[in-house]
Amino acid sequence: MNVLMKIVFSLSLSGSLLILILLLCKPLFWNRFSRQWQYYIWLVVIARLMIPAAPEVSIVGTFFSGMNRLEQAGQTVLQQTAGSGTAHGSAQAPMQKEDIVLQYQESGQNGSRAPVREISIGDMKEKLLQDLWIPWLMIALLLLLRRITLYQGFVKYIRAGHAEVSDTVLLDRLAQIAERVGVRRPVELYVNSQVPSPLLTGFFRPCIVLPAADLPEEDFTYTVQHELIHYKRKDMFYKWLVQLTVCLHWFNPLVWLMGREINRACEFSCDEAVIRSLGEEGRRAYGDTLFRAMAAGGGGRDLPVSVTLNESVGLLKERLGAIMKFRKGSKLVTALSGVSAVAMMMGATVMGAYVEPVRTAGIVQVVSAETSGEPSPDSNDIGTEGKGGRSLDELAQRYYESGMVSQFGAVFAAMDISAQRKWLDQVYADDEYGFFSAVVNRLDSSSPLVGEYAERAYVDNEISYFAIVTGSLDSGSPLIGTYAERAYADGAIDFFSVLTGEMDAEQLKSWQDRAEQGDMDINFRTVLMDSDDLAAWGQTWKQKAEQEDQEQYQEWGITREGGNFYYQDQLVRVFFDQYDGEQVIRTLQLNPAGTVDVKVTRSVRNKIISVAYMAEEEVTELFGTEELSGRDLEEEGPDVEKDGSVLKEGEDFDPDNDVYRLTQEELPDEVIRQMMDDGAVRTWYVYHSNGRQYLCYRGFAWSYGYRVRYDEDGWQVEIQRFQKKDSGDVFLALPDNGAVTVYCDGEKVELTEVSE
Amino acid sequence: MIQQVSDSELELMKIVWANGGSALYAQIMEDLVKAGRTWQKNTVITLLTRLVEKGLLKTSKIGRRNEYTAVVSESDYQAAQAQTLLNKHYEGNAKGLVATLIQREMLSADDYEELRKFWEKERDGR
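Residue numbers (our numbering), protein chains in the order written: chain G, 5 to 760; chain L, 6 to 131.
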């Protein structure tokens with residue numbers, strides 16, 4: 005349904021409830037509350053009927069939002085009825101619509117029209133509802149126009165037949181009454197034998213028209229006073245406001261009833277104002293006046309909007325009764341009527357209205373708009389180009405800009421594939437990791453977009469995005485096998501690592517077999533061994549590998565104690581272990597206290613080919629510039645690795661094990677597990693395990709040196725990048741006796757503390 | 006054609022004419038009091054407004070005060086009123102009017118004599 009109509013209907017409904025409350029409560033306050041209260045309380049109702057504002061959660065607002073959902077559900081049911089005839093039911097709403105269109109055309113040929121007609125009727129109904137606002141507005145305007153012209157005609161009619169009252173005695177009396185009532189403006193006085201009862205016209209220039217001037221003085225006084233009070237209280241404006249309300253809510257009989265009630269309440273409260281200052285005698289005289297006025301006018305009829313002294317016999321009877329029953333309200337009644345008025349206003353607020361859904365009901369609204377579009381014979385119209393598609397897009401835009409991830413995801417799910425691709429592009433280009441994650445997880449795993457974005461992230465070396473895409477796949481999906489092979493072939497160990505987490509048992513087994521055959525890069529093997537499902541196998545392998553490693557080093561004269569390497573019993577300064585010709589560094593460690601620089605070269609199969617001293621030039625080349633070479637590091641600052649004296653006094657640590665660099669394999673198992681579970685690449689983590697803390701950063705594609713200081717603030721770790729590498733990690737072990745602060749190239753980095 | 010005005014309205018017109026064709030509201034009120042009238046302020050304003058509507062007065066503001074100026078002079082007004090009288094009751098026949106005046110002794114012998122002299126002089130002058 006059209007939003008405008010929803011607002012109007014909700015206002016009407018909300019107002020109707022208030023009208024009902026007032027009408028039902030009328031016997032309660034009729035003779036208790038002041039007539040003025042009974043007159044002006046309707047303003048609350050009018051405000052509710054006219055002002056389309058409401059708190060976010062309100063009775064009627066909720067009701068209408070619920071209607072939205074019903075509408076949508078109805079549509080879905082209709083579409084499913086139609087969809088059951090077709091074999092290919094897609095989850096995407098726009099595609100369903102296309103199906104329907106196709107079916108419409110097909111069935112048009114083969115004659116089985118039953119489900120189609122249902123759709124057509126549903127859509128026609130929807131279309132009619134969409135356009136409902138046009139007749140509504142037309143009728144409202146016509147009614148209003150008619151009232152205005154009627155009033156104008158009436159004013160003209162009484163002007164034509166009127167005669168000025170030139171009797172200055174009457175004019176003076178009028179002026180005196182006006183002064184008493186508080187009307188400052190001069191009031192014009194006419195006599196027109198055509199009017200059935202005294203009345204008041206003119207918004208700004210008050211003009212009283214009497215049926216005759218030769219009234220008893222008493223009658224003249226009361227009549228004029230009554231009319232002047234109408235003017236004083238601006239009843240004309242109130243009446244026209246009511247007219248406007250009735251015209252806009254012309255379809256609501258309760259609003260018409262309200263109009264009548266207000267007219268009566270207007271007279272009652274005006275009478276009240278006149279007799280307020282009168283005694284019993286005066287009241288009786290006023291009643292006489294009313295009665296005589298009616299008798300003179302012959303009962304009268306409903307005049308077009310103007311303020312008349314009397315309306316009809318029935319009303320007059322009530323008025324006369326009310327006049328004689330008049331009592332001044334007690335304090336209690338005054339308080340009670342004040343409370344009731346506040347309650348009424350609160351009621352009006354709580355009733356609320358339908359507010360155009362922007363935030364809460366937004367998705368529902370747009371989705372219903374999407375599904376309710378008429379099936380056009382030209383199916384090209386449908387999709388993102390259609391009306392619904394555009395608004396989905398706008399909504400997505402809004403959510404995207406305001407960072408509302410889950411709402412964005414919901415809208416995304418309702419889009420067709422080309423719109424989804426457009427948004428994925430945008431999110432990916434903007435590097436909106438959170439949105440990407442939310443959106444990809446909404447994709448159907450059979451969507452071609454999954455494959456497209458796996459490829460894109462892989463090619464762009466965006467491992468975190470790759471992880472999201474593969475994470476959305478079913479475990480053991482063939483796509484995972486394909487990319488695992490590819491990552492292995494490309495030596496993309498990090499991608500391979502991500503993929504092992506998504507493999508099913510069968511896939512893992514086949515990789516394990518390959519590792520067993522020994523024909524595998526050690527790093528890949530490590531990844532496999534670290535995967536949860538192969539942990540037991542990995543444990544044995546790891547021990548075996550460590551032993552082999554140790555044995556191999558020993559064969560070549562290298563020993564390792566904690567973080568220190570010794571080559572032929574000399575402490576090594578630069579220990580450089582690399583794979584031959586691959587430019588892949590296996591271990592690069594710098595210990596400024598060392599005296600020799602050693603380079604280990606090994607085959608891809610992990611067999612050491614050679615161990616040699618490094619020439620000074622080689623070290624310089626490795627670390628890039630002269631100043632970053634070990635010499636500088638040696639001279640600068642206390643070196644914790646060697647000098648245990650900087651450690652906090654009284655702490656008992658093995659100096660050799662204070663701070664050292666380690667490989668991923670050397671990390672404690674639980675640290676590796678945590679890192680694989682939640683650790684992202686290119687992020688600094690501190691893990692705690694067994695009285696030590698481990699500073700870990702994966703994807704640190706540099707060779708680096710580090711310097712450590714311990715003071716009252718804890719551990720200050722400075723990391724200096726030397727030379728670009730293809731890949732690498734930072735793993736440092738420190739005693740867990742103080743907070744860690746890390747500076748990389750002099751800049752403090754953000755650390756993520758991971759507690760066990 | 007000049008619209009008919011009520012007696013009270015004419016009284017106001019006379020005050021304006023007596024003031025040289027234009028008068029401030031305050032002057033009008035003052036003169037009314039002098040003439041023994043105790044009309045309410047709003048009564049006077051209503052009457053003046055009616056005269057403005059009938060085209061006999063026009064109103065202009067001097068500062069915050071209203072000044073009323075006669076659109077029609079007193080003699081023009083009288084002529085128009087006489088014309089109306091003639092047209093309405095004597096079908097434009099002035100002789101009939103004079104006859105009535107004499108018959109009803111509304112015109113004294115002296116008045117008649119003066120009128121006759123005036124008339125002869127007028128006729129000879131032509």
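Glycine is no exception: its CB is placed at the ideal position from the N, C-alpha and C atoms.
Taking 8 Å as the threshold (C-beta atoms), are Ala-519(G) and Leu-503(G) in contact? Your numbering for residue 503(G) matches position 499 in the first sequence. Your numbering for residue 519(G) matches position 515 in the first sequence. Not a contact, by the Cβ cut-off of 8 Å.
Where Ser-451(G) and Asp-508(G) are concerned, what is the direct C-alpha to C-alpha distance, given to the nearest angstrom? Here residue 451(G) refers to the residue found at position 447 of the first sequence. Here residue 508(G) refers to the residue found at position 504 of the first sequence. Going by C-alpha positions, Ser-451(G) is about 21 Å away from Asp-508(G).
Applying a beta-carbon distance threshold of less than 7 Å, which residues of chain L neighbour Gln-229(G)? Translated into positions along the first sequence, residue 229(G) becomes position 225. Chain L residues near Gln-229(G): none, gap ~15 Å exceeds 7 Å.
Whose Cβ in chain L lies nearer than 9 Å to the Cβ of Asp-176(G)? Translated into the one-based positions of the first sequence, residue 176(G) becomes position 172. Chain L residues near Asp-176(G): Thr-43, Trp-44, Gln-45, Asn-47 and Thr-48.
From which residue to which residue does the beta strand (DSSP E) around Ala-737(G) run? Working through the first sequence from its first residue, we reach residue 737(G) at position 733. 733-739 is the extent of the beta strand (DSSP E) around Ala-737(G).
Under 8 Å Cβ-Cβ, which residues of chain G neighbour Thr-54(L)? Taking the first residue of the second sequence as 1, we reach residue 54(L) at position 49. Per Cβ cutoff of 8 Å: Pro-190 and Glu-192.
Using CA atoms only, rank isn't needed, just tell me which of Gly-480(G), Leu-26(G) and Glu-550(G) is closest to Lys-513(G). For the purposes of this step, residue 513(G) is identified with residue 509 of the first sequence, where counting begins at 1. Nearest of Gly-480(G), Leu-26(G) and Glu-550(G) to Lys-513(G), Cα basis: Gly-480(G).
Check whether the Cβ atoms of Thr-530(G) and Gln-668(G) lie closer than 8 Å to each other. Counting from one through the first sequence, the residue named residue 530(G) turns up at place 526. Counting from one through the first sequence, the residue named residue 668(G) turns up at place 664. For Thr-530(G) and Gln-668(G), yes; Cβs fall inside 8 Å.
Use the C-beta contact count for Trp-427(G): other C-beta atoms within 10 angstroms, 16 or more gives buried, fewer gives exposed. As a working note, residue 427(G) is residue 423 in the first sequence. Here Trp-427(G) is buried. Its C-beta has 16 or more other C-beta atoms within 10 Å.
Determine the contact status of Ile-181(G) and Leu-147(G), defining contact as a CB-CB distance below 8 Å. Within the first sequence, the letter at position 177 stands for residue 181(G). Within the first sequence, the letter at position 143 stands for residue 147(G). Ile-181(G) is not a Cβ neighbour of Leu-147(G), given a cutoff of 8 Å.
Where DSSP assigns a beta bridge to Glu-4(G), which residues make up the other side? The requested residue 4(G) is not part of the displayed model; chain G covers only 5 to 760.
Secondary structure of Lys-126(L), DSSP reduced to three states: As a first step, residue 126(L) is located in the second sequence; it is residue number 121 there, counting from the start. It is helical.
Using beta-carbon positions only, say whether Leu-294(G) and Leu-248(G) come within less than 8 Å of one another. What you label residue 294(G) is simply residue 290 of the first sequence in a count that begins at 1. What you label residue 248(G) is simply residue 244 of the first sequence in a count that begins at 1. Result no, Cβ atoms of Leu-294(G) and Leu-248(G) do not sit closer than 8 Å.
Quick check: what's the CA-CA separation for Ala-347(G) versus Ser-11(L)? Stepping through the first sequence from its first residue, residue 347(G) is reached at position 343. Stepping through the second sequence from its first residue, residue 11(L) is reached at position 6. In this model, Ala-347(G) and Ser-11(L) are separated by some 56 Å (Cα to Cα).
Which chain L residues are close to Glu-168(G), counting only those with a beta carbon under 8 Å from its beta carbon? To locate residue 168(G), count along the first sequence from 1; it is residue 164. Neighbours of Glu-168(G) on chain L, chain order: Ser-11 and Arg-55.
Does DSSP classify Trp-244(G) as helix, strand or coil? Locating residue 244(G) in the first sequence gives position 240, counting from the first residue. Here Trp-244(G) sits in helix by DSSP.
Whole-number beta carbon distance between Arg-52(G) and Ser-14(G), since they are thought to touch under 8 Å: In the first sequence, the residue the question calls residue 14(G) occupies position 10. In the first sequence, the residue the question calls residue 52(G) occupies position 48. Contact doesn't hold; Cβ gap of about 10 Å is too wide.
If the criterion is Cβ atoms closer than 8 Å, does the pair Ile-11(G) and Pro-56(G) meet it? Taking the first residue of the first sequence as 1, we reach residue 11(G) at position 7. Taking the first residue of the first sequence as 1, we reach residue 56(G) at position 52. For Ile-11(G) and Pro-56(G), yes; Cβs fall inside 8 Å.
Which two residues bound the contiguous alpha helix (DSSP H) that contains Asn-71(L)? Position 66 of the second sequence holds residue 71(L). Premise fails: Asn-71(L) lies in the beta strand (DSSP E), 70-75, not in any alpha helix (DSSP H).
Phe-579(G) lies in the beta strand (DSSP E); which residues open and close that run? By 1-based counting over the first sequence, the position of residue 579(G) is 575. Boundaries of the beta strand (DSSP E) around Phe-579(G): 574-583.
Going by DSSP, which residues form a beta bridge with Thr-27(L)? Sequence index remark: in the second sequence, residue 27(L) carries index 22 (1-based). The residue asked about is misnamed: residue 27(L) is Ser in this sequence, not Thr. Ser-27(L) is bridged to Thr-74(L).
Out of Asp-218(G), Val-195(G) and Pro-190(G), state which residue places its alpha-carbon closest to the alpha-carbon of Phe-208(G). For the purposes of this step, residue 208(G) is taken as residue 204 along the first sequence, with counting starting at 1. Answer by Cα proximity: Pro-190(G).
7 Å CB neighbourhood of Ile-467(G) in its chain, flanking five on each side removed: The count along the first sequence starts at 1 and reaches residue 467(G) at position 463. Hits under 7 Å: Asp-498, Phe-499, Val-502 and Val-685.
With a threshold of 7 Å on Cβ separation, who are the neighbours of Phe-416(G) within its own chain once the five nearest residues in sequence on each side are excluded? Residue numbering aside, residue 416(G) sits at position 412 when the first sequence is read from its first letter. Only Ala-400, Gln-424, Trp-427, Val-443 and Arg-446 meet the Cβ criterion.
Among the candidates Arg-268(G), Arg-237(G) and Phe-330(G), whose CA atom is the shortest distance from the CA of Gly-283(G)? Taking the first residue of the first sequence as 1, we reach residue 283(G) at position 279. Closest by alpha carbon: Phe-330(G).
If distances are taken between C-alpha atoms only, which option among Phe-33(G), Pro-139(G) and Arg-268(G) comes closest to His-253(G)? The residue you call residue 253(G) lines up with position 249 of the first sequence. For His-253(G), the nearest C-alpha among the options comes from Pro-139(G).
Grab me the residues of Leu-112(L)'s own chain with a C-beta within less than 6 Å of its C-beta, minus the 5 sequence neighbours each way, in chain order. In the second sequence, counting from the first residue as 1, residue 112(L) sits at position 107. Only Leu-106 meet the Cβ criterion.
Reference Trp-560(G), options Ala-743(G), Asp-581(G) and Val-185(G), closest by Cα: Within the first sequence, the letter at position 556 stands for residue 560(G). Comparing Cα-Cα distances from Trp-560(G) to each of Ala-743(G), Asp-581(G) and Val-185(G), the minimum goes to Asp-581(G).
Sufficient close CB pairs (3 or more, under 8 Å) joining the segment 46-63 of chain L to the segment 17-33 of chain L: Output reads yes: the segment 17-33 of chain L touches the segment 46-63 of chain L.
Answer yes or no: does any C-beta atom of chain L fall closer than 8 Å to that of Thr-205(G)? Within the first sequence, numbered from 1, the residue matching residue 205(G) stands at position 201. So no, Thr-205(G) is outside the interface.
Considering Cα atoms alone, identify which of Val-758(G), Thr-599(G), Val-588(G) and Val-600(G) is closest to Phe-704(G). For the purposes of this step, residue 704(G) is identified with residue 700 of the first sequence, where counting begins at 1. Of the listed residues, the one whose Cα sits closest to Phe-704(G) is Val-588(G).
Could you name the residues of chain G that Thr-51(L) contacts, counting a contact when the two beta carbons are closer than 7 Å? As a working note, residue 51(L) is residue 46 in the second sequence. Ordered by position in chain G, the residues that pass the 7 Å Cβ test against Thr-51(L) are Leu-175, Pro-190 and Glu-192.
Using a Cβ-Cβ cut-off of 8 Å, state whether Gln-42(G) counts as contacting chain A. This model lacks chain A altogether, as its protein chains are G and L.
Determine, using beta carbons only, whether Ala-216(G) comes closer than 8 Å to chain L. For the purposes of this step, residue 216(G) is identified with residue 212 of the first sequence, where counting begins at 1. Using a CB distance cut-off of 8 Å, Ala-216(G) does not count as an interface residue toward chain L.
How big is the Cα-Cα spacing for Asp-525(G) and Ser-395(G)? Start at 1 with the first residue of the first sequence, and residue 525(G) comes out as number 521. Start at 1 with the first residue of the first sequence, and residue 395(G) comes out as number 391. When rounded, the distance between both Cα atoms is 53 Å.
Quick one, are the C-beta atoms of Asp-740(G) and Gln-697(G) less than 8 Å apart? Taking the first residue of the first sequence as 1, we reach residue 740(G) at position 736. Taking the first residue of the first sequence as 1, we reach residue 697(G) at position 693. Asp-740(G) places its beta carbon less than 8 Å from that of Gln-697(G).
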